[in-house]
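**Student:** Numbering (this note's numbering), first residue to last: 5 to 157.
Here it is, the structure, as structure tokens.
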Amino acid sequence: MAVLKRVKNFLAPLPVVLVTMRLRERDSVSDNIIPISWTGILESAPHMININISRGKYSWEIIRKTKQFVVAIPGARHIREVDICGTTHGDKVDKFSLTGFEKMDAGTVDVPLIKQCPINMECTVEDIISFKSHDMFIGKIIATHLDDTFADK
């Protein structure tokens, strides 16, 4: 068996989620969507999730400032939209308009849900852990929205 001299990430494929955020300034509201694969559940009581974003990114700036975000789980049918969100910049284009994703009001945070995603989790930032290349935002899941077709009857 070969021994690698350099560590590589062999934990692929990872799930891809869409993270939404909102920046409210004096006379404007700017919503953004970023696809993230460095994510996972950290705790179950209270429910905690982590997302990892490279420092200096537009989305990183918004979440760091507002301390809230939504994690939306896209379906396989959203591969085109996820790709668009990952290859465009939210400070230059409106990703909701570009993808056709519809915004829905969240119940607790001032961040839009994505109507087309079957699961949306409202989160508030509880902690930020800094690494060399990125920050890990640890979010407390304060509400989960589930499409009716997936709910227990």
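Glycine included, C-beta positions come from ideal geometry on N, C-alpha and C.
What residues in its chain sit with their C-beta under 6 Å from that of residue 3, if we drop five residues either side in the sequence?
**Tutor:** Nothing about residue 3 can be read from this structure; the chain reaches only from 5 to 157.
**Student:** Classify residue 30: buried if its beta carbon has 16 or more other beta carbons within 10 angstroms, exposed otherwise.
**Tutor:** Exposed: under 16 other Cβ atoms inside 10 Å.
**Student:** Please name the residue in 95, 109, 113 and 89 whose C-alpha comes closest to that of residue 102.
**Tutor:** Nearest of 95, 109, 113 and 89 to residue 102, Cα basis: 89.
**Student:** Which two residues bound the contiguous beta strand (DSSP E) that contains residue 141?
**Tutor:** 138-150 is the span of the beta strand (DSSP E), which, as asked, contains residue 141.
**Student:** Please state whether DSSP places residue 109 in a helix, a strand or coil.
**Tutor:** Correct three-state label for residue 109: coil.
**Student:** What are the residues that DSSP puts in a beta bridge with residue 52?
**Tutor:** According to DSSP, residue 52 bridges with 47 and 144.
**Student:** Would the beta-carbon of residue 54 fall within 8 Å of that of residue 142?
**Tutor:** Yes, the pair counts as a contact, with Cβ atoms nearer than the cut-off.
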